[in-house]
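One structure below.
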Amino acid sequence: MPSANNQNRKFVGTIVGESTSREFRLALDHEAVREQDIIAVDATLRPTDGTASPKQIRVWAKVQRIERLNPLFPVEAGHELAATQTDPFDTVLSLSREMVTAVCQILGAEPLDGGAGGKLDHLRYPPQPASSAYRPESSDIARVVLGELEHKKDRALDIAHLSNRREVDVKVDGHAIVTRHLAILAMTGAGKSVTARRIIEELANKNYPIVIFDPHGDYTGLSEVPGLGNRVRRYYAKFPIFEEDAETVAEIINSLGYELTPTMRHRFDEVFRAAKMFLTDDKTENQTRIGWLAQRLNKPEIGTVFPVERDMWLIAYLAEAGEIVKDQADAAGEQSLTTWGWSGLANYTGTDKRTLEGIKKRAYATAAALRRMEDTNKKIAAIGATPLPTDRKELVQYGGISIVSLAGYTGDFQATIYSIITNDLYDARVRDELKLPVLLLLEEAHNFAPAKADTPAEQRAVAATRQIAQEGRKFSVGLILISQRPSRLDETALAMCNSHIIMRMVNPADQNFIRKVIESLGEDEARMLPDLDVGEAILSGQLINFPVLVKIKQPTSQGEREEKDAFVALEEARKLYGVGRANNPNTRRS
Amino acid sequence: MSQSNPSQIRLTEEGVQAELQRQPHLLMKLAENAFTVAESLRNNYFKNTAQFISALRKAINSYATGKRPDPILGVYDTPKVDWSSVQDEVVTFIDGGVGKVQLSSQVPILLRVGSYCVRTGERRLSEREQFGYYPVILGDLEGGNKERKDFIDIVRISAELLGGLSALERTPDLRLLMFHGPLVYMMSAYAGHTPFTEKDIDLFLKQYAPGTNTAHRLKEEFLEDAKLYIYPPMTPRSDEWIQKKLFEPLAWISWLYRRLIETAKQRTPKPIIAGVVERGELRAFSETILLARVFQGLRKNNQENYFNQMYGRTDLKSPKSLLDRLNYTDALLMAMLLQPGQYSESWEIAKYDGLREGRVTLPNEPDVSVVNFAPLKPENNKTGFPRVNGCYLSVSETTEPIRVETFAELGDDQIHEAVNRAHMYSRLLPGYGFPVGLDIADKFAKVPAWMTQSYGKLIRHHLGVSLQRGEISDAEMRRILVQAIYMTHRDWLFRPQS
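Protein sequences, first through last, are from chains A and B.
Here the first sequence stands for residues 1 to 590, numbered as in my numbering.
Here the second sequence stands for residues 591 to 1088, numbered as in my numbering.
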């Protein structure tokens, strides 16, 4: 119930000029409010048919813009003061007469006694000019910010407080986030990962299954949150070469800078197929084949030091084996390879042997590059991380958070790994093989749903994201898109996000894009974006009753990339390793 | 000296022409004049003006460089603008505004005087600035001839003076009191209005006096002075005027000026009291000072026909005839002679030449009485208007010089002090070239449109109700009122009858 204690209401201004049912202007008491403050005006509305008695209502509004004008201070005088570096207080100019006007957006109305439980109705008749506006009590603001969530508290996620009134907690609708998708958009350093971690922690408290695609190791700290740690699983990703077709793998080799010539490209399909069929389900047979390979390649470490797996190394080994067999006219070897799946090897000519040599070199180089990426990935995934499960459904656990580390991989690799996992999970939900709902969180979402998909990997990733954005709701697969470059995000995917958390953003292209795509964001709010503080955000869309400016609460977890002061880190390293200062050659005695 | 020296170039005819071409406001004024002067003067008007100004500039320069014994025009430079030299000064600016209501035509209905008081250097806004405004509904007054166009002026002058007096009395450390417009108007033009009644004066004093006692004292002191010194030489019915407590407007205004000066004289240092005039049409300075010296010099050198030869005429033999024929004003000539930041020597402005016998109708009397206004001339120290000094100040190249006026009685230094401050304040508005504090008071005193429009509606409503009730039976009056209330410019109902 709202407090009826008028003593606590603070007068802020008077409605002036033309008011509409969407907006009014307020002649303000000096410094009574700030932009984005929530204010209220009491009003009386008579039913149009005259049958019932007049209703006492409270009109809620948000201060969108404050205009401050000193009509007695000429612009020309300002230029003179600037040119002569004169303090206006030293002159006879008038500085005291200011007109302060606020443009207020009407949020809705409720019965004055608060009987609607925080639900705001559309106002269909403008508030009366000359009405007084006031700052409502914090409890009343909290009630309307919460809106219908008041009665659905199990859905509420406590993620923020009002930016201008820290005592008012802002809870958002978790159901809207996990079913209707959420976009968190902000420039680097504005606090989007912190926001995401806060939401994840809140969702985890409600045991909602979450899969995080983490390109930078921002979420590894989640495992350190008390009560959450044992539910967080970290995975490092190994690029699943043989889940791709030959053409894609050839493109991967090309994209890493080891371009296959058209002749090589032609033969690569056969080498790839041979590699794909080389390992079987029969372990004894596999040992035989691997032994042959080590012997033929004269590399005894194959199968011992370096296990043979379904990866790029295997393609390189096969290409080398083919080259050797043809070079040495090894009919038995040729027969073995043909039997194991390399059809047509018998017909290879001397030119083909040189082609195989080219493929071999490029495959080895690619394998080495991939290994570097995998090693980096594994390192960032941190101790305790396990390889991605072959059965992707294992990623989705009741109360579990699965972090798929993508760090170390280039964009195309990340996009490919993402689309494979996402498609698997989505298909499993469609086929009802995955019984639990899931929320996918995409950090750096512009890499997984780019506006302009140039490579096949990006095209597949954007298709996967779009599919979930458009149809995920039916199968309880939700999305959280996080991006620092919204203008590079796929418009369809972003438009399907019905909730938004928008933080500091300076890039004009990003601001314009957001303004275009996100209908619930007003022009004045869009204008505020460059001026938001770190951790401040505008919440809009279905997660909240009406758009509000909030300060996100700190999550319990720390991000991996939350940096130490560089100079402090240097000194710590020096002390730890006992490194001495370098001698200055200019002061050295001869 | 080299001709390429800018200070030398501006002395030449070509230099003057080039300068005029850079100053569109002067060029336009000269073009306007060229169309209004006689046809024989029209040809070469621009060129001859440039030649005349060039000769004047040379003469001014000759005196400044010691080549000429007598000055033709004293020119001074204002000091460099330095706000630190005027810190902690309290300054009050006064301006009056009139609200006109659109009935069939614009009818003045409301007057309000605004005051803006500021202490320079004060950082606390509440201590730094005070605004005051005092409205008067003209219809409430019994005195004054409302049918005369200058009725509004005598009300405004009275109100502004009371505003100034109030500011002076309220502010013990007031350093400068600055009025928008002449410090004293050409008072003879306002002679002959019906005296204000005590009720009128109470209306004024209700708004302007600091307290009821002060208001009462002010009124009684005027009536006492009027009884002893002011009214007896003006009218044989002086006792009757006193008995009826009549406040003859000019006598009342002149007494308020005296009061202002007396109050100022009691302070140390004496507050500067000044009026600043923009777009002035006066030519007294040119006639009595500048051109009088020019003609004297010409006669001394036997060149009486200098201007006749220049313009090809025979009648340009005196300052007055020259100004009459060529349409020059003080502001125009000073704009061409003074450089930004310079001001002219001061002179006593003859403001009261026309004060002589006139006819006055007393309130509620059908007949007119003869009243002698001559005793209000400055010669009479007890009752007369004060003497006023004035000079011209050029603020910027793109604006006309402004005229600054001070009371002679408060000392010669007043004009210099007033000019320095007027210049300093105007430099904050170089495009307007007028003290910014007066601009602020002007904006503050302005009667807003919504107020006059509301009055208009109210008046039209009452007239409409009177018509409906049949309270106005005269047919012609009814027709006029219907037009006044309802007629718009293109209302077909009121199209001319064939």
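Ideal Cβ positions, reconstructed from N, Cα and C, are used throughout, including at glycine.
Three-state secondary structure assigned by DSSP to residue i
i: R166 of chain A; result: coil
i: S630 of chain B; result: helix
i: S590 of chain A; result: Here S590 of chain A scores only 37 on pLDDT, less than 50, and its place in the model is too uncertain to base an answer on.
i: Q554 of chain A; result: coil
i: M99 of chain A; result: strand
i: Y918 of chain B; result: coil
i: Q593 of chain A; result: With chain A running from 1 to 590 in the structure shown, residue 593 of chain A is simply not present.
i: Y933 of chain B; result: strand
i: H161 of chain A; result: strand
i: E23 of chain A; result: strand
i: R1068 of chain B; result: helix
i: Q56 of chain A; result: strand
i: F625 of chain B; result: helix
i: P725 of chain B; result: strand
i: G664 of chain B; result: coil
i: D121 of chain A; result: strand
i: V178 of chain A; result: helix
i: F683 of chain B; result: strand
i: A749 of chain B; result: helix
i: I863 of chain B; result: strand
i: Q64 of chain A; result: strand
i: K835 of chain B; result: coil
i: S959 of chain B; result: strand
i: E604 of chain B; result: helix
Cβ-Cβ separation, residue j to residue i (assumed contact under 8 Å), whole Å
i: S94 of chain A; j: L69 of chain A; result: The pair is not a contact, with the Cβ atoms about 13 Å apart (cut-off 8 Å).
i: Q397 of chain A; j: L406 of chain A; result: Wrong, their Cβ atoms sit about 20 Å apart, outside the cutoff.
i: L439 of chain A; j: F448 of chain A; result: The Cβ separation is near 15 Å, so there is no contact.
Selected residue, minimal CA-CA separation from residue i, among the options
i: W342 of chain A; options: A:V92, A:A369, A:M528 and A:V271; result: A:V271
i: E243 of chain A; options: A:Q295, A:I15, A:T390 and A:P129; result: A:T390
i: G782 of chain B; options: B:V960, B:S597 and B:R1011; result: B:V960
i: P594 of chain A; options: A:H161, A:A116 and A:D154; result: Look at the range of chain A in this structure, 1 to 590, and you will see that residue 594 of chain A is not part of it.
i: R849 of chain B; options: B:I863, B:G689 and B:L836; result: B:I863
i: T44 of chain A; options: A:N545, A:P111, A:E247 and A:L81; result: A:P111
i: G227 of chain A; options: A:L81, A:F239 and A:K206; result: A:K206
i: L120 of chain A; options: A:D158, A:R22, A:G147 and A:G257; result: A:G147
i: K553 of chain A; options: A:E31, A:P54 and A:I200; result: A:I200
i: V634 of chain A; options: A:A176, A:T195, A:A142 and A:I177; result: The question about residue 634 of chain A has no answer here: the residues shown for chain A are numbered 1 through 590.
i: S748 of chain B; options: B:Y724, B:G1054 and B:T761; result: B:Y724
i: Y896 of chain B; options: B:Q641, B:T602, B:L620 and B:P596; result: B:Q641
Between the CA atoms of residue j and residue i - distance to the nearest angstrom
i: A274 of chain A; j: L337 of chain A; result: 8 Å
i: H615 of chain B; j: T989 of chain B; result: 7 Å
i: V579 of chain A; j: A566 of chain A; result: 17 Å
i: G478 of chain A; j: R180 of chain A; result: 7 Å
i: D957 of chain B; j: A841 of chain B; result: 21 Å
i: Y606 of chain B; j: R746 of chain B; result: Note that residue 606 of chain B is Val in the sequence shown here, rather than Tyr. Cα-Cα distance, rounded: 41 Å.
i: E871 of chain B; j: W60 of chain A; result: 59 Å
i: V430 of chain A; j: L222 of chain A; result: 29 Å
i: Q598 of chain B; j: T91 of chain A; result: 36 Å
i: Y775 of chain B; j: L966 of chain B; result: 13 Å
i: A645 of chain B; j: F885 of chain B; result: 13 Å
i: L318 of chain A; j: S255 of chain A; result: 21 Å
i: S716 of chain B; j: E80 of chain A; result: 25 Å
i: N347 of chain A; j: Y258 of chain A; result: 26 Å
i: P839 of chain B; j: D87 of chain A; result: 44 Å
Cβ-heavy atom distance, residue i to the ligand ZN, below 7 Å
i: L1018 of chain B; result: Absence of the ligand ZN from the depicted structure is noted, as is the absence of any ligand whatsoever, leaving it without description.
Taking only runs of the alpha helix (DSSP H) that begin and end inside the region 309–367 of chain A, which ones reach a length of at least 4 residues, in chain order? 312–327 and 331–339, all fully within the region 309–367 of chain A.
Of all the beta strand (DSSP E) runs that stay within the bounds of the region 754–828 of chain B, which reach a length of 3 or more residues? 764–770
Ordered list of beta strand (DSSP E) runs contained in the region 447–535 of chain A, each at least 3 residues: 477–483 and 499–503
Threshold first: 4 residues or longer. Then list the alpha helix (DSSP H) segments lying entirely within the region 360–431 of chain A, N to C. 411–430
Could you tell me which uninterrupted alpha helix (DSSP H) segments, each at least 4 residues in length, are contained entirely in the region 985–1021 of chain B, listed from first to last along the chain? 1003–1016
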